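S.K.: Chains A and B, in that order, give the protein sequences. My numbering puts the first residue of the first sequence at 50, with every later residue one more than the last. My numbering puts the first residue of the second sequence at 7, with every later residue one more than the last.
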Amino acid sequence: MMRASHKQPGFVAALLHRLAGIALAIFLPLHFWALSGALNGADFLDRFLKVTQHPLVKFAEGGIVVALALHMALGLRVLAIEFLPVRERTRVAISICLAVAFAVGLAFLLNVV
Amino acid sequence: MLLTHFLSATRAITPVFDGLSGRGSGCGELQCWRAMTAILFIAQRVSAAVLAFFVTVHLATILYATRGGLTAGEVLARTRDNHWFFAFYVLFVLAVSTHAPIGLRNVIREWTPWQGRSLDIALAIFALILLSTGFRAAAAVYLPPEALLQ
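(1) Mapping the DSSP letters down to three states, classify Q37 (chain B) as helix, strand or coil.
(2) Report buried or exposed for F108 (chain A), applying the criterion of at least 16 other Cβ atoms within 10 angstroms of its Cβ.
(3) Would you decide whether I131 (chain B) is buried or exposed? Buried here means 16 or more other CB atoms lie within 10 Å of its CB.
(4) With burial defined as no fewer than 16 other Cβ atoms inside 10 Å of the residue's Cβ, what is the status of R126 (chain A): buried or exposed?
(5) Going by the beta-carbon positions, is the gap between G154 (chain A) and V106 (chain A) smaller than 8 Å?
(6) Distance check for A62 (chain A) and K56 (chain A), CA to CA, integer angstroms please.
(7) Count the other CB atoms within 10 Å of the CB of F60 (chain B); is the residue buried (16 or more) or exposed (fewer)?
(8) Since T104 (chain B) contacts S53 (chain B) with CB under 8 Å, what's their CB separation in whole angstroms?
(9) For the putative contact between H103 (chain A) and H66 (chain A), defined by C-beta atoms under 8 Å, what is the C-beta separation to the nearest angstrom?
(10) Using a Cβ-Cβ cut-off of less than 9 Å, list which residues of the stretch 111-127 of chain A approach chain B; keep chain order.
(11) Tell whether a beta-carbon distance below 8 Å holds between A129 (chain A) and V149 (chain A).
(12) Between the stretch 115-123 of chain B and the stretch 138-153 of chain B, do three or more beta carbon pairs fall short of 8 Å?
(13) Can you pull the chain B residues whose beta carbon is under 7 Å from the beta carbon of S85 (chain A), in chain order?
(14) For the stretch 27-104 of chain B, which segments carrying the alpha helix (DSSP H) assignment without a break, of at least 4 residues, lie completely within its bounds, in sequence order?
(15) Need the endpoints of the alpha helix (DSSP H) that L88 (chain A) sits in, please.
(16) Quick check on the DSSP output: what are the complete alpha helix (DSSP H) runs of length 4 or more inside the stretch 71-146 of chain A, in order along the chain?
(17) Can you name the residues of chain A whose CB is closer than 8 Å to the CB of T72 (chain B)?
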């Protein structure tokens, strides 16, 4: 059920922060596993990197980079609200966080595509 | 100074530190729960502040490294035998293994009916998995091939 509070920008910020965090928590063990492949030699890592050339995988990688940047930017917002004597304008803060995240994601995709 | 700031902010939300320092009436069930909540809160925020630095450097490295494609040779040439790199990623893994399980605990407790000791144990196991796979990954790209064969 959609409550009135769910339309508040602070709720949207918290929701995006959490969803990005969950995506990163699922991705991290897989990321570590892939890097551990270097224990089997550079050939294994190269074979793995070839798999990541698929457009769908590149798109997913871009999504994870956006999630990482977004989670960090929104996390800094939380730290600022909790520990610094600042008055936050939530809508502006969310817009900046999203802009930073998508700029980083776009820069990544321009590099790999 | 940053830690002092975190501690004073946490004191503002819970009086549990009086109990922990022996000035209160000891650690009852409720008080222990509040103490754990306070400790997890501090650990979450301190690791978040540390991770802000690590993630910024990591994102910059990703953007730099992926220019013109990525090969295992290029990655390993940067990381093999690089002490700074190894120290950076060991600390990164430590911070993320603290931060992620506590964040997941908060989300699961609020969004699902799963609470209590079984959840804490599951997330402690998740933290250990992150620690072990993370250290293994850092070692895999840091150690020279001859060291891996031994």
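Glycine is no exception: its CB is placed at the ideal position from the N, C-alpha and C atoms. Small disclaimer: the values here were computed from a predicted structure and weren't measured.
M.R.: Straight from the coordinates:
(1) Counted from its first residue, the second sequence places residue 37 (chain B) at position 31. Residue state, collapsed to three classes: helix.
(2) Taking the first sequence and counting its residues from 1, the one referred to as residue 108 (chain A) is at position 59. Counting Cβ neighbours within 10 Å, F108 (chain A) comes out exposed, since fewer than 16 surround it.
(3) Within the second sequence, the letter at position 125 stands for residue 131 (chain B). Exposed, by the Cβ-count rule.
(4) Position 77 of the first sequence, counted from the first residue, corresponds to residue 126 (chain A). So R126 (chain A) counts as buried.
(5) Residue numbering aside, residue 154 (chain A) sits at position 105 when the first sequence is read from its first letter. Residue numbering aside, residue 106 (chain A) sits at position 57 when the first sequence is read from its first letter. No, Cβ-Cβ distance for G154 (chain A) and V106 (chain A) is not below 8 Å.
(6) Here residue 56 (chain A) corresponds to residue number 7 of the first sequence, with the count starting at 1. Here residue 62 (chain A) corresponds to residue number 13 of the first sequence, with the count starting at 1. Each residue's Cα considered, the two are about 11 Å apart.
(7) Reading the second sequence from its first residue, position 54 is the one you call residue 60 (chain B). The residue is buried, with at least 16 neighbouring Cβ atoms inside 10 Å.
(8) Indexing the second sequence from 1 puts residue 104 (chain B) at position 98. Indexing the second sequence from 1 puts residue 53 (chain B) at position 47. Between S53 (chain B) and T104 (chain B) the Cβ distance is about 4 Å, and since that is below 8 Å, they are a contact.
(9) Working through the first sequence from its first residue, we reach residue 103 (chain A) at position 54. Working through the first sequence from its first residue, we reach residue 66 (chain A) at position 17. The Cβ separation is near 29 Å, so there is no contact.
(10) V114, L117, A118, H120, M121, G124, L125 and V127
(11) For this step, residue 129 (chain A) is matched to residue 80 along the first sequence. For this step, residue 149 (chain A) is matched to residue 100 along the first sequence. Not a contact, by the Cβ cut-off of 8 Å.
(12) no
(13) Numbered from 1 along the first sequence, position 36 holds the residue referred to as residue 85 (chain A). Here the neighbours are T139, R142, A143 and A146.
(14) 35-71 and 78-85
(15) Reading the first sequence from its first residue, position 39 is the one you call residue 88 (chain A). That residue, L88 (chain A), is in no alpha helix (DSSP H); it is neither H nor E in DSSP.
(16) 91-100 and 104-132
(17) Residue numbering aside, residue 72 (chain B) sits at position 66 when the second sequence is read from its first letter. Result: F157, N160 and V161.
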